[in-house]
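Take a look at the structure below.
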Amino acid sequence: MKVFEFRPKLFSALKNYSKETFTADLMAGIIVGIVALPLAIAFGIASGVSPEKGIITAIIAGFIVSMLGGSKVQIGGPTGAFIVIIYGIIQQYGEAGLIVATLMAGILLILLGVFKLGAVIKFIPYPIIVGFTSGIAVTIFTTQIADVFGLTFGGEKVPGDFVGKWMLYFQHFDTINW
Numbered sequence: 002m003k004v005f006e007f008r009p010k011l012f013s014a015l016k017n018y019s020k021e022t023f024t025a026d027l028m029a030g031i032i033v034g035i036v037a038l039p040l041a042i043a044f045g046i047a048s049g050v051s052p053e054k055g056i057i058t059a060i061i062a063g064f065i066v067s068m069l070g071g072s073k074v075q076i077g078g079p080t081g082a083f084i085v086i087i088y089g090i091i092q093q094y095g096e097a098g099l100i101v102a103t104l105m106a107g108i109l110l111i112l113l114g115v116f117k118l119g120a121v122i123k124f125i126p127y128p129i130i131v132g133f134t135s136g137i138a139v140t141i142f143t144t145q146i147a148d149v150f151g152l153t154f155g156g157e158k159v160p161g162d163f164v165g166k167w168m169l170y171f172q173h174f175d176t177i178n179w
């Protein structure tokens, strides 16, 4: 057995690539782009960076997933669950800190793959997964409150933590603008 057997699916998928496959892939790419690019813009804004950084991230990540993916039908794109994490990292450590955190996460994922530890996920109890997902939903909802009510903060920076956000919202609820 080889120590490192990974071979991206792209290499084997291109062997039998046809005009019909290209047409289907092109249509799928257009549809994914119609959904993913506006989503990437929104996630960039919600994460505390500029919209173009959201687009750049989605494009680069899409190419990386396509080039190194293990399946020819693998989908990679922006995910709402990470808004909360990214926003907190950017607020506390800046964009440079986000890059470091991303590289560390990538190294951990590679190590998990190399040592075939993906099955460890089955040991995480279901209530923890549901709780995490519910917590993310509540936190994403919280980040939208200022936009829903048109609140203005007079130059104050919105904190990254849940309680801090709600305290700021209540302090500035008199600036509501429907």
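Each residue of the sequence shown is one higher than the one before, starting from 2 at the first, in my numbering.
The C-beta atom is built at its ideal place from N, Cα and C for all residues, glycine as well.
**Prompt:** Could you give the uninterrupted runs of the alpha helix (DSSP H) lying entirely in the segment 19-71, keeping only those of 4 residues or more?
**Reply:** Entirely contained in the segment 19-71, the alpha helix (DSSP H) runs reaching 4 residues are, in chain order, 20-47, 52-69.
**Request:** Would you check if the distance between the CB atom of G45 and the CB atom of I91 is smaller than 8 Å?
**Result:** Within the sequence shown, residue 45 is the residue found at index 44, counting from 1. Within the sequence shown, residue 91 is the residue found at index 90, counting from 1. No, the Cβ-Cβ distance between G45 and I91 is not below 8 Å.
**Request:** Check K73 in the structure and name its three-state DSSP category.
**Result:** The sequence position of residue 73 within the sequence shown is 72, counting from 1. The answer is coil: DSSP assigns K73 none of H, G, I, E or B.
**Prompt:** Which residues in the same chain have their Cβ closer than 7 Å to the Cβ of A43, if we skip the five residues on either side of it in sequence?
**Reply:** Numbered from its first residue, the sequence shown carries residue 43 at position 42. None.
**Asked** If you check the beta carbons only, do I141 and Y170 fall under 8 Å apart?
**Response** The sequence position of residue 141 within the sequence shown is 140, counting from 1. The sequence position of residue 170 within the sequence shown is 169, counting from 1. Contact: no.
**Message:** Could you compute how far the alpha carbon of I61 sits from the alpha carbon of K54?
**Reply:** If you number the sequence shown from 1, residue 61 lands on position 60. If you number the sequence shown from 1, residue 54 lands on position 53. Just so you know, the alpha carbons of I61 and K54 end up roughly 10 Å apart.
**Asked** What is the rounded straight-line gap between the Cα of I57 and the Cα of V149?
**Response** Against the sequence shown, residue 57 aligns to sequence position 56. Against the sequence shown, residue 149 aligns to sequence position 148. If you take the alpha carbons of I57 and V149, they lie about 27 Å apart.
**Request:** Less than 8 Å between the CB atoms is what I'm expecting for V66 and G77, so what's the real figure, rounded?
**Result:** Start at 1 with the first residue of the sequence shown, and residue 66 comes out as number 65. Start at 1 with the first residue of the sequence shown, and residue 77 comes out as number 76. Right, their Cβ atoms sit about 3 Å apart.
**Prompt:** Where do the N-terminal and C-terminal ends of the alpha helix (DSSP H) with W167 fall, by residue?
**Reply:** On the sequence shown, position 166 is the one that residue 167 refers to. W167 -> alpha helix (DSSP H) spans 163-172.
**Rounded distance between the beta-carbons of L69 and P128, thought under 8 Å** = Here residue 128 refers to the residue found at position 127 when the sequence shown is read from its first residue. Here residue 69 refers to the residue found at position 68 when the sequence shown is read from its first residue. About 33 Å separates the two Cβ atoms, so there is no contact after all.
**Message:** Considering only their Cβ atoms, is the gap separating T143 from W179 smaller than 8 Å?
**Reply:** As a first step, residue 179 must be located in the sequence shown, where it is residue number 178. As a first step, residue 143 must be located in the sequence shown, where it is residue number 142. The answer is no: Cβ separation not under 8 Å.
**Inter-residue CB distance, A14 and L38 (contact presumed, cutoff 8 Å)** = Along the sequence shown, one-based indexing puts residue 14 at 13. Along the sequence shown, one-based indexing puts residue 38 at 37. Actually they are not in contact, since the Cβ atoms of A14 and L38 sit about 24 Å apart, beyond 8 Å.
**Message:** The alpha helix (DSSP H) that contains V131, what's its start and end?
**Reply:** Looking up residue 131 in the sequence shown gives position 130. First-last of the alpha helix (DSSP H) with V131: 127-150.
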